[in-house]
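A.B. asks: Before anything else, here's the structure in question.
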Amino acid sequence: MTSETIEPIVSKTTTDDGGTVLRLEFQFASPPTVLWKHLTDADKLKYWFPCEMEFEPRKDEEILFRYADQKPLRGTVLEAERPSVLAYTWETDTLRWELTRTGDNGAQLVLFLTPGSPRHSATMAAGWHLTIAGLDDFLNKRNLGQNPALWDVYVDRYRKQFAD
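Going by the working numbering, the residue at position 127 of the sequence shown is 136; the numbering climbs one at a time, nothing skipped.
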């Protein structure tokens, strides 16, 4: 159990067709098999993910993203290779999670996020930074609930970092 929240390596690139891709890389003390369960099991997702998800991690399966008192958002599983790759759409965004075992029986988690609206890249990077830090908190049995002041700090950080 660690006491510090993990810090990601975050970058933004542009694809050949002009699309934006955010890359968030995190190091975890847990192996890929454990992280896979936390990316795919509704009972584990509910503790750290921003909404409830209903899906089977199989290619072409539909995903429902449920928020309280709202119509569900939809997505589709694009790729699911246990325990190394999970990719899906979430409305107009595409998320690709890659898990790689590290030498210390931990894992590197890389989230490639293709936002439907690139102008929101800084807020999306800040949101996923906090969300995945919440997963680390959950795995390390720390209290969940990020300091709201961190939101502004991260949005400002990523706006400056992504400024062209």
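For glycine and all other residues, C-beta sits at the position ideal for the given N, C-alpha and C.
Would you give the residue range spanned by the beta strand (DSSP E) that residue 29 belongs to?
C.D. replies: Start and end: 29-37.
A.B. asks: How long is the line joining the alpha carbons of residue 142 and residue 127, rounded to whole angstroms?
C.D. replies: C-alpha separation (whole angstroms): 22 Å.
A.B. asks: Start and end of the beta strand (DSSP E) containing residue 117?
C.D. replies: Counting along the chain, the beta strand (DSSP E) containing residue 117 begins and ends at 116-123.
A.B. asks: Looking at residue 41 and residue 108, is the spacing between their C-beta atoms short of 9 Å?
C.D. replies: Cβ distance < 9 Å, so residue 108 and residue 41 count as in contact.
A.B. asks: Leaving out the 5 sequence neighbours to the left and right, which residues in its chain are closer than 7 Å to residue 12 when beta-carbon positions are compared?
C.D. replies: Note that residue 12 scores 47 on pLDDT, short of 50, meaning its location in the model is unreliable; the coordinates nonetheless yield the value given after this. Nothing meets the Cβ criterion.
A.B. asks: Whose CA, out of 78, 104, 66, 73, lies closest to the CA of residue 89?
C.D. replies: Of 78, 104, 66, 73, the residue nearest in Cα terms is 66.
A.B. asks: For my contact list, residue 39 and residue 116 are in at a C-beta cut-off of 8 Å; report their separation, rounded to the angstrom.
C.D. replies: With a Cβ gap of about 6 Å, residue 39 and residue 116 count as contacting.
A.B. asks: By the DSSP assignment, the alpha helix (DSSP H) with residue 46 in it spans what residues?
C.D. replies: Its alpha helix (DSSP H) spans residues 41-49.
A.B. asks: Cα separation between residue 119 and residue 78?
C.D. replies: The straight-line gap from Cα to Cα measures roughly 31 Å.
A.B. asks: Does the beta-carbon distance from residue 123 to residue 103 come in below 9 Å?
C.D. replies: Cβ atoms of residue 123 and residue 103: closer than 9 Å.
A.B. asks: Would you call residue 28 buried or exposed, if buried means 16 or more other Cβ atoms sit within 10 Å of its Cβ?
C.D. replies: Exposed.
A.B. asks: What's the gap between the Cα of residue 51 and the Cα of residue 62?
C.D. replies: Going from the Cα of residue 51 to the Cα of residue 62 covers about 6 Å.
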